[in-house]
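A.B. asks: Just passing along the structure, written as structure tokens.
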Amino acid sequence: MREIATFLLSELSDNVTAFEMAQLEEVLTKIKSAKRVFLVGAGRSRLILSLYCVRLRHLGISAFMIGDPFTPPVSAGDILLAASGSGTTTSTVALSTQFKVYGGEIIVFTSDNKSKLAMLGDVVVTIDGSTALQFDQGSQIMRSLFEQTLFILLETLAHKHVGSLDSALVTAAHANVE
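Sequential numbering of the sequence shown, starting at 3, is according to our numbering.
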């Protein structure tokens, strides 16, 4: 078991180390200047984005998951963070297309920078990882590496952002009834 865990961490570390972090500076600038941040993805990508949505709220940013019942209407000045390893997830592409109609900017996280979703992006962050639902011995299951790297990159954005904030305000935004 330890060998498998070490392998997974090593592969994730290699992926994050090879990532061009300058791409995140533009993403962070757009998040900070946006009126509101919306997030969309399906499956495990949606779960990762949901975690980041909560973190954005801790940082004082109005953030909403597309499809949740309390999501407000989109308008100009809003941005969408859309994630799909393949870049072809039907619901994510459709909702991103609809978002664009209402004047929002889209930041795409994908492993395929030529995908349908990437073509919708104003900013495209390409993350190395499988674009296929397959499993080869010696590699991670399906799109796990994409999802793990996405989580680390989003946490990197949050960590960079929190450095400019008053820690008392961040702490005050955390739930107090859990």
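For each residue, glycine too, the CB sits at the ideal point set by N, CA and C.
1. Closest to F111 by C-alpha separation, out of G62, A78, S98 and L10, would be which residue?
2. How about S47 and A96: are their beta carbons less than 8 Å apart?
3. Helix, strand or coil for T90 per DSSP?
4. Less than 8 Å between the CB atoms is what I'm expecting for T151 and V18, so what's the real figure, rounded?
5. Flag this pair as yes or no: are the beta carbons of V76 and G123 separated by less than 8 Å?
6. Note down, in chain order, each residue of its chain lying with its Cβ closer than 8 Å to the Cβ of L53, except the 5 sequence neighbours on either side.
7. Where does R4 land, buried or exposed, given buried means 16+ other C-beta within 10 angstroms?
8. Is the beta carbon of A20 less than 8 Å from the beta carbon of I81?
9. Please state the DSSP three-state secondary structure of E1.
10. So L119 and T92 are supposed to be a Cβ contact under 8 Å. How far apart are they, rounded?
11. Kindly indicate the opening and closing residues of the alpha helix (DSSP H) around T19.
12. Return the CA-CA distance between H161 and Q100, expressed in angstroms with no decimal places.
13. Give me the DSSP bridge partner(s) of V42.
14. Nearest to R38 by alpha carbon, out of I63, T31, V127 and S117?
15. If you draw a straight line from the alpha carbon of T73 to that of I109, how long is it in whole angstroms?
16. Could you give the DSSP three-state label for K162: helix, strand or coil?
17. Could you spell out where the alpha helix (DSSP H) holding V29 opens and where it closes?
18. Any idea what DSSP makes of V76, helix, strand or coil?
C.D. replies: On the basis of the data shown:
1. Looking up residue 111 in the sequence shown gives position 109. That would be S98, whose Cα lies nearest to the Cα of F111.
2. The residue labelled residue 47 in the question sits at position 45 within the sequence shown. The residue labelled residue 96 in the question sits at position 94 within the sequence shown. No; because the gap between Cβ atoms is not below 8 Å, this pair is not in contact.
3. By 1-based counting over the sequence shown, the position of residue 90 is 88. It is coil, neither helix nor strand.
4. Taking the sequence shown and counting its residues from 1, one reaches residue 151 at position 149. Taking the sequence shown and counting its residues from 1, one reaches residue 18 at position 16. A Cβ-Cβ separation of about 6 Å places T151 in contact with V18 under the 8 Å criterion.
5. By one-based count along the sequence shown, residue 76 stands at place 74. By one-based count along the sequence shown, residue 123 stands at place 121. In this structure, G123 does not lie closer than 8 Å to V76 by Cβ.
6. Taking the sequence shown and counting its residues from 1, one reaches residue 53 at position 51. Closer than 8 Å at the Cβ level, and outside the excluded window around L53, lie F153 and L156.
7. On the sequence shown, position 2 is the one that residue 4 refers to. Burial is judged here by how many other beta carbons sit within 10 angstroms of a residue's own beta carbon; R4 has fewer than 16 and is exposed.
8. For this step, residue 20 is matched to residue 18 along the sequence shown. For this step, residue 81 is matched to residue 79 along the sequence shown. Against a cut-off of 8 Å, the Cβ pair of I81 and A20 comes out as no contact.
9. Lying before the first or after the last residue shown, residue 1 is absent from the chain, which here runs from 3 to 180.
10. Your numbering for residue 119 matches position 117 in the sequence shown. Your numbering for residue 92 matches position 90 in the sequence shown. With a contact defined as Cβ atoms closer than 8 Å, L119 and T92 miss out at about 10 Å.
11. The residue you call residue 19 lines up with position 17 of the sequence shown. R4 to A20 is the span of the alpha helix (DSSP H), which, as asked, contains T19.
12. Looking up residue 161 in the sequence shown gives position 159. Looking up residue 100 in the sequence shown gives position 98. Their Cα atoms are separated by approximately 31 Å.
13. If you number the sequence shown from 1, residue 42 lands on position 40. As DSSP reads the structure, V42 sits in a beta bridge with A84.
14. Mapped onto the sequence shown, residue 38 falls at position 36. When only C-alpha atoms are compared, the closest one is I63.
15. If you number the sequence shown from 1, residue 73 lands on position 71. If you number the sequence shown from 1, residue 109 lands on position 107. If you draw a straight line from the Cα of T73 to the Cα of I109, it is about 18 Å long.
16. In the sequence shown, counting from the first residue as 1, residue 162 sits at position 160. Residue state, collapsed to three classes: helix.
17. If you number the sequence shown from 1, residue 29 lands on position 27. Run containing V29: A24 to S35, per the alpha helix (DSSP H) assignment.
18. Here residue 76 refers to the residue found at position 74 of the sequence shown. Coil at V76, not helix or strand.
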